[in-house]
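Report on one structure; see the data block that follows.
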Amino acid sequence: MVGVLKLGLILAENHSLKGKRGVLKSIQARVSNQFNVSVAECGDQELWQSAVLGFSAIGSSRQVVEATLREIVEFVDGLGLAQVNDSDIEFFYC
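In our numbering, the protein residues as written are 164 to 257.
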């Protein structure tokens, strides 16, 4: 089972693309350290006050993968670096 999380973020306190990169690198590093997932910026790359991050997780059951991805949403929201604006989870069977 492969799960993909698309997470829309608002960076209200940000004022430049350079600042956005710093915030996103911090989020990506913290998520990577906490969870065994892949993460990449996958949208709104030219906008400095919003971002879309994509996360992928692979597991033997949908419940485990879904729980991990939902924990990531809560984790990122709890960091306080960006406001979670939207989240979407999709599953693919291997």
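All residues carry an ideal CB built from backbone N, CA and C; glycine is no exception.
- prompt: Just the Cα atoms here: how many angstroms apart are glutamate 209 and arginine 184?
  reply: 11 Å
task: Could you tell me if asparagine 177 is buried or exposed, where buried requires 16 or more neighbouring beta carbons within 10 angstroms of its beta carbon?
output: buried
- prompt: The beta strand (DSSP E) spanning serine 201 covers which residue range?
  reply: 201–206
- request: List the endpoints of the continuous alpha helix (DSSP H) containing phenylalanine 238.
  value: 225–242
query: Taking the alpha carbon of glycine 171 as the point to measure from, which residue in Val165, Cys205, Val194 has its own alpha carbon closest?
result: Cys205
message: Using only the alpha-carbon positions, how far apart do leucine 244 and phenylalanine 255 sit?
response: 30 Å
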